[in-house]
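Per our numbering, the sequence shown starts with residue 3, numbered consecutively.
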Amino acid sequence: MTSLNYTTNIIDSTVKSCLNCHDPHLIFDDEPYKDTLRGTKYLLFPATIYFLPQELADFRCHNCGFTSFYRSGFTPMHLIKVPSVNSTYQTAIAARSARIRCRNCNSTCSASSELTDHGCQISKLLKAKIAARLRMDISAKTIAFEEGVSASTVNRTLDSTRCEFRNNFNFLPLHLCFDEFRGTHNTYHFICLDADNHAIQTILPNRLKQTIFNYFMRFPAPVRSLVRTVSCDLNSYYVDLIKKLFPNAKIIIDRFHIVQMLNRAVNSMRTDLMNRFDNNSKNYKLFKRNWKLFLKRYDDLNCTYQFYERSQREWVTAEQLVNQGLQLADQDFRKAYWDYQRLLEIIDDPTPSKIKIFKQCLTEVNQKYSGSRSEASKADKALLTLYDNLIPVITALEPQYCHYTNGPLEGINRKIKQIQRTAYGYRNFEHLKARIYLQTYLGKDTRNSVKTA
Ligand SMILES: [Zn+2]
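Right under this line is the structure:
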């Protein structure tokens, strides 16, 4: 008898340490065996779930409250799914529960382990593993297949993680980024980021002004008044909304978008200019082959290194090529080029005098085309758009705000695209949102997000 007890204990302790479950209700009483249940190969660990002595002492019938009972055998075998210990088989505990019967009303009660929630077949260990895997770039279906559960179980686990992202309505970051991305049902969702630590503040189901307004109005006015800057895209329509919501915040138009707009205008004017020449001419090739040089900062062009430019049939430097191009170009292109250069210089080294000159330049353009804007060249049209958002644009260029951009948000938007691609799109916005939160927080410490204002 003693030897039998000894063997049982060895199996129990070994299996428990292997499966990482230390529930005292469970006793593993036999060696594991392989079996096929409903077409799935299982490695089964037979076990019995007993009542703890304390539970029996405190027993009260759930039906009538009577304390007297008698033992009534065991329940049929049921499976408790646990994380697999081996790649070929699903792992499960084949458990029977001890059953007791009330002496008064004859209703039964069976022992339950701490491993699962009531009435659930999937262990908490497996759920934790699924939740951990949801943080990686894998589709829910793949996780379901690998862990031997259904895709709805994976989605239910995803739902249960949602409570971890509840908002604190007494705190807002000092610097915010606004943007939007295309998500479920081809609609745009609004996303807001903490510009300092790049943690997601919120994702809203749409980008309607009313939705954004309602969300931020849940924060008390003193909290909202602490927000210092909000950065957003040039073409966004958030400007008046931001003024209403954050009375003390400065609006910043993302620097990248400002430069990109002028860059595109200059490049498109270059192609227009190029197309005026014959396809085989020297001048055409000058603009075609050296397109990159016209978009580079003039100060960065190499003025000492000569190379043989085949289309021109001469030895030149990069600076000479650009100068030749500018001589060939018309007045409009030259102006656009130097306006663009001025902007690049400010981005590189923002000084108050340079910003003042740029501001003046924008005002002049506006005065020039005050009658009809349709006659303006492409670059001037870009400058006119900048003039329409003069204050946010100038704020973005100022040295004390120049490191607040939408860059981190664009990075997260790229990641969101990847998340949707892996899943072949999402139908449920809440699932998409939970997945974005889980995957962007991978390995990230967000505790330092609370900064004193
Ligand atoms: Zn009873």
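For every residue, glycine included, the Cβ atom is placed at its ideal position computed from N, Cα and C. Computed from a predicted structure; not experimentally measured.
Task: Endpoints, the beta strand (DSSP E) within which Cys-194 is located - done: 190-196
Open item on the list: Less than 8 Å between C-beta atoms, sequence neighbours within five positions excluded: which residues of the same chain meet that for Tyr-190?
Closed with: Glu-182, Phe-183, Arg-184, Asn-208 and Arg-209
Task: Any beta strand (DSSP E) of 3 or more consecutive residues that is wholly inside the segment 348-412 - done: none
TODO: Give a single yes or no on whether Phe-68 has its beta carbon closer than 7 Å to a heavy atom of ligand 1.
DONE: yes
Open item on the list: Mapping the DSSP letters down to three states, classify Glu-311 as helix, strand or coil.
Closed with: strand
- [ ] Please confirm whether Glu-116 and His-259 have their CB atoms less than 8 Å apart.
- [x] no
Open item on the list: Going by the DSSP bridge assignment, what does Leu-247 pair with across the sheet?
Closed with: Per DSSP, none; premise fails for Leu-247.
Task: Where Glu-316 falls: helix, strand or coil (DSSP) - done: strand
Open item on the list: Suppose contacts are defined by Cβ-Cβ distances below 8 Å. Is Ser-86 in contact with Thr-93 by that definition?
Closed with: yes
- [ ] With distances taken Cα to Cα, identify the nearest neighbour of Pro-55 among Thr-38, Asn-88, Ser-379 and Ala-113.
- [x] Ala-113
Open item on the list: If contacts are defined as beta-carbon pairs under 8 Å, then Ser-70 and Arg-105 qualify, I think. What distance do you get, rounded to the angstrom?
Closed with: 4 Å
TODO: Compare the beta carbon distance of Leu-303 and Glu-321 with 8 Å and say whether it is the shorter of the two.
DONE: yes
TODO: Using 10 angstroms around the beta-carbon of Gly-327, count the other beta-carbons present and answer buried if the total reaches 16, otherwise exposed.
DONE: buried
Task: Selected residue, minimal CA-CA separation from Leu-178, among Pro-224, Ser-233 and Val-151 - done: Ser-233
TODO: Return the chain-ordered list of same chain residues with a C-beta closer than 6 Å to the C-beta of Arg-278, the five sequence neighbours on each side being excluded.
DONE: none
TODO: Consider the C-beta atom of Ser-112 and the heavy atoms of ligand 1; say whether any pair is separated by less than 7 Å.
DONE: no
TODO: Would you decide whether Lys-294 is buried or exposed? Buried here means 16 or more other CB atoms lie within 10 Å of its CB.
DONE: exposed
Open item on the list: On the criterion of 16 or more Cβ atoms from any shown chain inside 10 Å, does Asn-188 qualify as buried, or is it exposed?
Closed with: exposed
Open item on the list: Taking only three categories from DSSP, how would you classify Lys-498?
Closed with: The requested residue 498 is not part of the displayed model; the chain covers only 3 to 455.
Task: Straight-line Cα distance separating Ile-396 from Lys-361 - done: 7 Å
TODO: Please classify Arg-40: does DSSP put it in a helix, a strand, or coil?
DONE: coil
Task: Buried versus exposed, by CB contacts within 10 Å (16 or more), Cys-1 - done: The structure shown does not extend to residue 1, since the chain is modelled only from 3 to 455, so the question has no answer here.
Open item on the list: Between the alpha carbons of Lys-287 and Val-318, how many angstroms are there, rounded?
Closed with: 14 Å
Open item on the list: With the cut-off set at 8 Å, would you say Leu-275 and Ala-331 are in Cβ contact?
Closed with: yes
Open item on the list: Could you tell me the alpha carbon to alpha carbon distance between Met-263 and Ala-384, rounded to whole angstroms?
Closed with: 6 Å
- [ ] Give the secondary structure of Tyr-482 by DSSP, where H, G and I count as helix, E and B as strand, and everything else as coil.
- [x] Since the first and last residues shown for the chain are 3 and 455, residue 482 lies out of range.
TODO: Label Arg-437 either buried or exposed according to how many other C-beta atoms from any shown protein chain fall within 10 Å of its C-beta, with 16 as the threshold for buried.
DONE: buried
Open item on the list: Which residue wins for smallest C-alpha separation from Ile-205, given the options Thr-273, Arg-429 and Ile-418?
Closed with: Ile-418
Open item on the list: Just to confirm, is the Cβ distance from Phe-248 to Val-229 under 8 Å?
Closed with: yes
- [ ] Going by CA-CA distance only, name the one from Lys-129, His-120, Leu-176 and Asn-216 that's closest to Ala-153.
- [x] Lys-129
Task: Length of the line joining the Cα atoms of Leu-434 and Asn-170 - done: 21 Å
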